[in-house]
Amino acid sequence: MDFYYSEISPACRSVMLTAKAVGAKLNKKPINLEKKEHLKPEYIKINPQHTIPTLVDGNLKLRESRPICTYLASQHGKDESLYPKDPKERALVDNLLSFDMGTLSQRMKEYIAPVMFHNEKPDPEKKKNLEEALTWLNDLLEGHEFSAGNKITVADFVLISTVSSIIEAGIVDISKYKNIKAWVEKCKSKMNGYDTENGKGAKAFGEVAKSKLPNSESKKDSKDEKEPKDAKDAKDAKDDKNAKDTKDEKEGKDMKDAKEMKDPKETKDPKIEKREKTPNPKKATP
Ligand SMILES: N[C@@H](CCC(=O)N[C@@H](CS)C(=O)NCC(=O)O)C(=O)O
Numbered sequence: 001m002d003f004y005y006s007e008i009s010p011a012c013r014s015v016m017l018t019a020k021a022v023g024a025k026l027n028k029k030p031i032n033l034e035k036k037e038h039l040k041p042e043y044i045k046i047n048p049q050h051t052i053p054t055l056v057d058g059n060l061k062l063r064e065s066r067p068i069c070t071y072l073a074s075q076h077g078k079d080e081s082l083y084p085k086d087p088k089e090r091a092l093v094d095n096l097l098s099f100d101m102g103t104l105s106q107r108m109k110e111y112i113a114p115v116m117f118h119n120e121k122p123d124p125e126k127k128k129n130l131e132e133a134l135t136w137l138n139d140l141l142e143g144h145e146f147s148a149g150n151k152i153t154v155a156d157f158v159l160i161s162t163v164s165s166i167i168e169a170g171i172v173d174i175s176k177y178k179n180i181k182a183w184v185e186k187c188k189s190k191m192n193g194y195d196t197e198n199g200k201g202a203k204a205f206g207e208v209a210k211s212k213l214p215n216s217e218s219k220k221d222s223k224d225e226k227e228p229k230d231a232k233d234a235k236d237a238k239d240d241k242n243a244k245d246t247k248d249e250k251e252g253k254d255m256k257d258a259k260e261m262k263d264p265k266e267t268k269d270p271k272i273e274k275r276e277k278t279p280n281p282k283k284a285t286p
């Protein structure tokens with residue numbers, strides 16, 4: 001199976017975790033979006049949407065990460081536990097996969113992509129939306145060990161790739177979400193190859209995001225150790241104002257790497273449909 005990917009991409013990491021869990025061997029083909037390898041004619045032939053991940057298994061081509069995960073679990077899982085066959089159990093997993101696609105990862109992209117790719121100021125409203133989605137996930141995790149019950153399913157691989165990216169980017173203080181915090185620790189200790197398949201890439205993603213976010217929680221945490229609360233509040237308010245007034249022009253190598261994430265703004269652009277046929281090398285990355 002050919003797997004086109006980059007480890008900085010949360011979507012690709014969810015597939016890597018799933019493949020590791022079921023022992024599916026991926027013929028890994030790194031795609032460097034910075035070098036616009038996804039826009040090369042040979043890749044467009046494989047995936048006209050020029051996104052990663054893409055999985056090619058014989059005559060089957062899949063270019064959406066969640067169906068790739070469910071396919072790998074169904075085809076290679078030693079039993080059905082990762083993607084249950086029981087209609088109700090499966091519906092619960094599918095529900096979580098859609099929650100990640102339509103809500104959690106979507107809200108993460110809406111918050112972070114303009115900051116990472118267009119040097120825009122962080123929008124506090126979008127951060128609130130993301131926090132709201134995290135509250136829902138926290139509630140979903142109440143009373144059981146993993147997202148769909150007491151066993152790992154593909155929903156956990158997908159959700160952890162998003163949540164670990166949010167944490168590493170320092171967007172939120174995860175200790176506010178008690179159930180998520182405990183679940184993350186379980187994922188780290190119970191998922192095969194967590195560090196190589198997800199942890200490393202999430203950290204790389206986080207480094208880039210942090211360099212663009214003026215007020216990331218991780219930066220605040222290190223300040224908390226030195227500053228009393230009142231001084232910190234005053235400083236945070238000033239930082240917020242500066243973040244609004246200042247446009248970060250810095251465009252380092254790390255940022256180029258980060259352009260591997262898709263900008264939700266672009267997905268809403270009707271022009272995107274044209275891009276399928278005529279890739280625009282200037283616009284296409286994130
Ligand atoms: N729905 C897709 C989203 C994939 C996606 O947005 N991939 C980004 C990297 S995280 C990408 O390929 N961006 C390059 C582009 O859109 O041209 C999935 O989950 O598989």
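In full-length UniProt numbering, the protein residues as written are 1 to 286. Beta carbons are placed, not taken as given, at the ideal position from N, Cα and C, and that holds for glycine.
By the criterion of a C-beta distance shorter than 8 Å, Met1 is surrounded in its chain by Ala24, Lys25, Leu26, Asn27, Leu55, Val56 and Asp57, once the five residues flanking it on both sides are discounted. Shown here, Gly193 sits in coil according to DSSP, grouped into three states, outside any helix or strand.
The three-state reading of DSSP puts Gly149 in strand, counting E and B together. The Cβ-Cβ distance between Leu130 and Leu159 does not fall below 8 Å. In the DSSP annotation of this structure, Leu26 is not part of any beta strand (DSSP E), being labelled neither H nor E. Shown here, Tyr83 sits in coil according to DSSP, grouped into three states, outside any helix or strand. The alpha-carbon separation between Ile44 and Ser147 amounts to approximately 35 Å. For Asp139, there is no enclosing beta strand (DSSP E); the residue is found in the alpha helix (DSSP H) stretching over Pro124 to Leu140. When beta bridges are read from the DSSP output, Thr54 appears opposite Tyr4. With contact defined as three or more Cβ pairs closer than 8 Å, the region 85 to 105 and the region 33 to 50 are not in contact. For the 8 Å CB-CB criterion, Val154 and Thr70 form a contact.
The alpha carbon of Lys78 has as its nearest neighbour, out of Gly201, Ala19 and Ala204, the alpha carbon of Ala19.
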